[in-house]
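Under UniProt numbering, think of the first position of the sequence shown as 1, with each following residue one higher.
C-beta atoms are modelled at their ideal positions from N, C-alpha and C, and glycine is treated no differently.
Here's the structure, in structure tokens; my notes come after.
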Amino acid sequence: MKQLVLTIIGKDRPGLVEEISSTLLSHHGNWLTSNLSHLAGQFAGIVQVEIAEEHLQEIQDALKTLAGLEIKIELGELEAAPDTPETLNLVITGNDRPGIVQELASVIRHKGANITHLNSRKQSAPNWGVPIFSAFATVTLPTGMHKDNVIDALESITSDLIVDIESD
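Here's what the structure looks like:
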């Protein structure tokens with residue numbers, strides 16, 4: 001079996017996910033994991049698909065026929081399961097400002113950790129007088145690192161940043 005990672009973008013419309021999933025199914029693909037979003041009228045998604053090697057070209061050709069979508073297809077790697085690294089689910093809140101995502105990503109990278117999932121948004125906060133940044137991030141820690149090292153480093157970016165751990 002092969003793993004494909006599809007990156008999909010295009011104007012959003014009703015039935016789009018059904019159209020993509022039907023195409024995958026009718027060409028022997030198995031939808032494994034996805035992260036789909038509607039952003040500013042656009043559909044943006046990433047989908048992991050499993051397919052037998054003999055159907056690889058068939059599914060690639062079928063995906064290219066989907067109207068109004070830009071689809072990039074990458075061959076994924078089969079994930080090895082020897083050492084399962086520790087992951088943290090972080091809820092991050094603070095005053096919004098340009099560069100906040102870059103600051104967070106830089107601190108996490110410098111600690112040797114890796115962001116494997118990130119959802120963020122800017123919210124209006126009339127009582128505070130400034131917009132609020134909030135994010136949910138899944139971070140994989142390097143072997144031997146204690147979670148407090150990453151949390152302390154993130155909270156040291158600025159005094160208004162709050163980092164909480166969400167349990168699974």
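Integer Cβ distance of residue i from residue j, believed to fall under 8 Å
| i | j | result |
| --- | --- | --- |
| residue 133 | residue 95 | 7 Å |
| residue 70 | residue 10 | 6 Å |
Backbone secondary structure at residue i - three-state DSSP
| i | result |
| --- | --- |
| residue 149 | helix |
| residue 51 | strand |
| residue 110 | helix |
| residue 74 | strand |
| residue 141 | coil |
| residue 100 | helix |
| residue 67 | coil |
8 Å Cβ cutoff met for residue i and residue j
| i | j | result |
| --- | --- | --- |
| residue 186 | residue 139 | No information on residue 186 is available, as it lies outside the stretch 1 to 168 that the chain covers here. |
| residue 29 | residue 49 | yes |
| residue 65 | residue 162 | no |
| residue 91 | residue 153 | no |
| residue 17 | residue 36 | yes |
CA-to-CA distance, residue j to residue i, given in whole angstroms
| i | j | result |
| --- | --- | --- |
| residue 32 | residue 127 | 42 Å |
| residue 135 | residue 121 | 6 Å |
| residue 130 | residue 115 | 27 Å |
| residue 43 | residue 59 | 21 Å |
| residue 112 | residue 102 | 15 Å |
| residue 7 | residue 24 | 14 Å |
| residue 41 | residue 63 | 21 Å |
| residue 12 | residue 39 | 9 Å |
| residue 157 | residue 52 | 47 Å |
| residue 98 | residue 123 | 14 Å |
| residue 61 | residue 47 | 17 Å |
| residue 76 | residue 45 | 16 Å |
| residue 55 | residue 26 | 11 Å |
| residue 34 | residue 14 | 18 Å |
| residue 141 | residue 148 | 11 Å |
| residue 117 | residue 20 | 22 Å |
Element boundaries [alpha helix (DSSP H), containing residue i]
| i | result |
| --- | --- |
| residue 130 | Segment: none, residue 130 is in no alpha helix (DSSP H) and carries neither H nor E. |
| residue 24 | 16 to 26 |
| residue 59 | 56 to 64 |
Residue i - containing beta strand (DSSP E), residue span
| i | result |
| --- | --- |
| residue 165 | 162 to 165 |
| residue 37 | 30 to 39 |
| residue 8 | 2 to 11 |
| residue 92 | 87 to 95 |
Within-8 Å CB hit, residue i to chain D
| i | result |
| --- | --- |
| residue 47 | This model lacks chain D altogether; it includes just one protein chain. |
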